[in-house]
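Protein chains in written order, with the working numbering: chain A, 2 to 403; chain B, 2 to 403.
Everything on this sheet refers to the single structure shown next.
There are 2 protein chains.
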Amino acid sequence: MTAPLHEARPTGRGRALPDTQQGMRRRNLARVMHTVSAEGPLSRAAVASRIGLTRAAVSTLVDELIRSGLLEELGPERPGRVGRPGSALAVSGHGPAGIGAEVGVDHLAVCAIDLRGEVRARAVRYGTNRGRSPRPVIEELTELVGRIVTEAEHEGLWPAGLAVAVPGLVARDARTVVRAPNLDWHDTDLGALLPAGLPLTVDNEANFGALAELRLGEGTPRDFLHVSAEIGIGAAVVVDGQLLRGTRGFAGELGHVPVRPDGPACRCGGHGCLEQYAGEEAVLRAAGLEPGEDRVGLLAGHASDGDTAVRRALRDAGEALGIALTGAVNLLDPEVVVLGGALAGLAPWLLPSLEAELARRTAGPACPVAISRLGPEGPLLGAAHSVVRAVLDDPAAVAGRG
Amino acid sequence: MTAPLHEARPTGRGRALPDTQQGMRRRNLARVMHTVSAEGPLSRAAVASRIGLTRAAVSTLVDELIRSGLLEELGPERPGRVGRPGSALAVSGHGPAGIGAEVGVDHLAVCAIDLRGEVRARAVRYGTNRGRSPRPVIEELTELVGRIVTEAEHEGLWPAGLAVAVPGLVARDARTVVRAPNLDWHDTDLGALLPAGLPLTVDNEANFGALAELRLGEGTPRDFLHVSAEIGIGAAVVVDGQLLRGTRGFAGELGHVPVRPDGPACRCGGHGCLEQYAGEEAVLRAAGLEPGEDRVGLLAGHASDGDTAVRRALRDAGEALGIALTGAVNLLDPEVVVLGGALAGLAPWLLPSLEAELARRTAGPACPVAISRLGPEGPLLGAAHSVVRAVLDDPAAVAGRG
DNA sequence: CTAATTTGTAAAGCGCCATGACGAAATAGT
DNA sequence: ACTATTTCGTCATGGCGCTTTACAAATTAG
């Protein structure tokens, strides 16, 4: 008897609304938004039965949401059954927009999505950011953001927030980049560099990638492990639809799980960490390749050309991943493990040995491994979606603006 | 900026109360109970400021809880400050009782605690249950439960529920023992064997042990890992005060995390699992001891006598634990790792190598390791506390009975 | 064409918390 | 000693939000 997956419920980390009548109202607004967002066009009566309120109550909630521009009335439903047909409701395509941005090692990207999750504007600028100081990079990003914001406004949207994905560790204040090794940034407060007009959230790209998977992936599991390898190897642990951040915000450091305790030394101080076998550097070295621009493409190219050294390197990396994931799966019993980021592109050569290890070491049915369909788009989309999610979680907070 | 730990909030897994006025009322009753329970005697005004309601609202909530026998008025507080002193409130010592029971390999135990957490009655019966069929064991347990229930009633308590800890895997229905290797029980529905009068919960003893740690341990962290070794090695993962059960209910299988991937074969199908190094059997074998009755005492005795083989066996087990826990800590970033069950008694000899491995393999400050003060009492107390917790989580549900 | 069913809305009602005022009980200051 | 101040608990009033009940509208079934 598992929990009903289709039950839409608020997902925000701040279940902080007080148990007062106003808080109740806001939560119910959120529940209506989540339900309509998750289950497509729905009549008021359908929403009411889903969330357990009466039709009359839902009517007033919907009225308020329509007035705020968060919901739209699509008109009468096609009447398949007996009785008066309902009037279909959908989240608005002309209301708030989520602005997502990504600072990649080799590019900058910004996009805008509406509440329905449709990408309404996007911009990408290529060129390495490795070693550039934060200020010019963020200035460039700010310019892209400005362009996308005006583009979104031309489409009748108004930006509700900005979320920035960075390839590094972000402090719990969601503004400061503690360290981004591949950019060589340390303790950089992006809040001070970005325009102050929009509510800002900064987070690790792996976390945003997992968020994207949560909303856009197939089946939308509530408990899963999202493994991505851009810088090092990171995993986002999602429990009950919530990202697990850990006490100090360091959760998900899969890259430093010991795989062979007596293996080669790692810069973390340990020995035989996963990163020593499946990290980008290690795999390139094992494959006998020079680290260049498009490392993933390079590996994938050689592998599909039949380069045995590369194939062996990837097979060994998959094996190490399988061992590390066995530990994680034993500990967490997730519904599925999703390979994202660079791993998604290399999956054909990683997966056989990875799944073999996982199956071999698991009593009973092994945890399924899936490939992210979003690939490199994940973090950007997830960032934008995090803004949408915030709107769905507390519609009343944004209803005034706009 | 971490979340306020002292903020009492409902912890039950079922945040299922609808967002209606009645649901709000019930949640507020729960918040009052949690606050008073967590922060000792408190005046109405103090409760009001803690949970963010007005004094008037809290007054009516408290009235209702006092009428139900869940709260008690202790009389005027000693007036240290200016102003009229408040009237101290405390959870009742004469209201509902939580009945906890434990089916151990070598004993049966039952206890009753009041809402304050005080043990008001207890009974233990020694004698091995290994290989006995479920029915006579549960009949014996039922008799003990009956005795404790009447004893509790003599003290003015009324039993609100029964929770049974078993050394094995329990299905998600919280009634059926899927398998308990050391008892040789399989697919046993305890609900059919136990008296039907009381709401019943059956769970793994490690989970209840973690629950006890959550309420009775020092500091009461909300994110921690509770490792216990009774049968095999299990870990309870507690995230935000909630037990992580996993998709299939198999979370926490620390015993089968790979430590040395090419190590000896394990019955789980893997190789070099933690259990092969730190499991009871493995340690006894390495120590050159015969498995007898009181295995923990045997090991502890030899170790404190200076038996080098035993000490080395324990040191090696600690090392393996350290390696496995490094992985877990990297993944979850818990506030603390707590060693419970048999591990608590052997901690003096396990801890040095365990902590050394953990520190050596962790960049930055290592996760602290604590020893459970509850030791073998944990599961029993945790079971009883789970009933109390259910009462605190929804006082309205039990107010009628009694 | 009527009966049945379902939807959405409106009016009345009720529960719950907030507000504001009050007496009670302590301390602080003169 | 006496007053002013502060805080506590309670009461009456009010507002807000959901439910109940009723009804018109729109469809299908017979």
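Heads up, the beta-carbon is just placed ideally off N, CA and C, and yes, glycines get one too.
Quick caveat: nothing in here was measured; it's all calculated off a predicted structure.
Checklist entry - Where do the ends of the beta strand (DSSP E) carrying ASN205 (chain B) lie? => result 201-205
Checklist entry - Counting contacts by CB-CB distance shorter than 8 Å, is ASP224 (chain A) in contact with chain B? => result yes
Checklist entry - For THR248 (chain B), which residues in chain A fall below 7 Å Cβ to Cβ? => result ASP224, ASP334, PRO335, GLU336
Checklist entry - To the nearest whole angstrom, what separates the beta carbons of VAL37 (chain B) and VAL59 (chain B), a pair I think is in contact under 8 Å? => result About 10 Å; that fails the 8 Å criterion.
Checklist entry - Of all the options B:VAL104, B:PRO97, B:ALA89, which has the alpha carbon lying nearest to the alpha carbon of ALA113 (chain B)? => result B:PRO97
Next on the checklist: Looking at the secondary structure, which residues open and close the alpha helix (DSSP H) in which ARG126 (chain A) lies?
Outcome noted: Not the alpha helix (DSSP H): ARG126 (chain A) falls in the beta strand (DSSP E), residues 120-127.
Checklist entry - Applying a beta-carbon distance threshold of less than 8 Å, which residues of chain B neighbour VAL258 (chain A)? => result THR327, GLY328, ASN331, LEU332
Next on the checklist: Going by C-alpha to C-alpha distance, which of B:GLU119, B:LEU109, B:ALA122 sits closest to ARG133 (chain B)?
Outcome noted: B:LEU109
Item to check | Endpoints, the alpha helix (DSSP H) within which ALA325 (chain A) is located | outcome: 309-333
Next on the checklist: Do ALA213 (chain A) and GLY379 (chain A) have their beta-carbon atoms positioned less than 8 Å apart in this structure?
Outcome noted: yes
Checklist entry - Are the CB atoms of LEU66 (chain B) and ALA91 (chain B) nearer to each other than 8 Å? => result no
Item to check | Residues that ASN183 (chain B) contacts on chain A, provided the C-beta gap is smaller than 7 Å | outcome: The premise fails here: ASN183 (chain B) is roughly 17 Å from chain A at the closest Cβ pair, so nothing lies under 7 Å.
Checklist entry - Can you name the residues that DSSP bridges to TRP350 (chain B)? => result Bridge partners of TRP350 (chain B): none, in fact.
Item to check | Residues within the stretch 358-377 of chain A neighbouring chain B, beta-carbon criterion of under 9 Å | outcome: GLU358, ALA360, ARG361, ARG362, THR363, ALA364, GLY365, PRO366, CYS368
Checklist entry - If we cut at 8 Å on Cβ distances, does ASN208 (chain A) have a partner in chain B? => result no
Checklist entry - Does DSSP put ALA161 (chain B) in a helix, in a strand, or in coil? => result strand
Item to check | Near the ligand FAD: ALA397 (chain B) beta-carbon under 7 Å from a heavy atom | outcome: Summarising the ligand content, the structure contains no ligands, and the ligand FAD is consequently not present.
Checklist entry - Do HIS272 (chain A) and GLY264 (chain A) have their C-beta atoms closer together than 8 Å? => result yes
Item to check | Any C-beta of chain B under 8 Å from that of ILE407 (chain A) | outcome: Because residue 407 (chain A) is not part of the residues shown, which for chain A are 2 to 403, the question remains open.
Checklist entry - Alpha carbon to alpha carbon, how far is VAL399 (chain B) from ALA46 (chain B)? => result 25 Å
Item to check | Beta-carbon separation (whole angstroms), GLY346 (chain B) vs VAL297 (chain B), contact threshold 8 Å | outcome: 5 Å
Item to check | Cutoff 8 Å: PRO262 (chain B) Cβ touching any chain A Cβ | outcome: yes
Next on the checklist: Output needed in chain order: residues of the stretch 25-36 of chain A with a Cβ under 8 Å from some Cβ in chain B.
Outcome noted: MET25, ARG28, ASN29, ARG32
Checklist entry - Is the beta carbon of HIS386 (chain A) sitting closer than 8 Å to the one on ARG176 (chain A)? => result no
Checklist entry - When DSSP labels each residue in this structure, what does GLU8 (chain B) get in the three-state scheme? => result In this prediction, GLU8 (chain B) scores a pLDDT of 31, lower than 50, which makes its location untrustworthy; the coordinate-derived value is nonetheless stated afterwards. Coil, per DSSP.
Item to check | Proximal chain A residues relative to VAL392 (chain B), where beta-carbon distance stays under 7 Å | outcome: The contacting residues do not exist; VAL392 (chain B) stays about 19 Å from chain A at best.
Checklist entry - Any Cβ of chain A within less than 8 Å of the Cβ of ILE324 (chain B)? => result yes
Item to check | Beta carbon of GLY94 (chain B) nearer than 8 Å to that of ARG173 (chain B) | outcome: no
Next on the checklist: By alpha-carbon positions, which one of B:LEU72, B:ARG68, B:GLY87, B:ARG79 ends up nearest to ARG56 (chain B)?
Outcome noted: B:GLY87
Checklist entry - Per DSSP, what kind of secondary structure is HIS377 (chain A) in: helix, strand or coil? => result Here the sequence assigns Pro to residue 377 (chain A), which means His is not the residue at that position. Three-state DSSP puts PRO377 (chain A) in a helix.
Next on the checklist: Taking its Cβ as the centre, do 16 or more other Cβ atoms sit within 10 Å of GLN277 (chain B), making it buried, or is it exposed?
Outcome noted: buried
Next on the checklist: I'd like the list of long-range same chain contacts for LEU18 (chain B), defined as Cβ closer than 7 Å, with 5 residues on each side in sequence excluded.
Outcome noted: GLY24, ARG27, ARG28
Item to check | Validate contact between the stretch 296-310 of chain B and the stretch 278-288 of chain B using beta carbons, cut 8 Å, 3 pairs | outcome: yes
Item to check | Closest by C-alpha distance to THR143 (chain B), when choosing among B:GLU156, B:ALA164, B:THR129 | outcome: B:ALA164
Checklist entry - Which residue's Cα is closest to the Cα of GLY210 (chain B): B:ASP107, B:PRO377, B:SER44? => result B:PRO377
Checklist entry - Exposed or buried, LEU71 (chain B), counting other C-beta atoms within 10 Å across all chains shown (16 or more means buried)? => result buried
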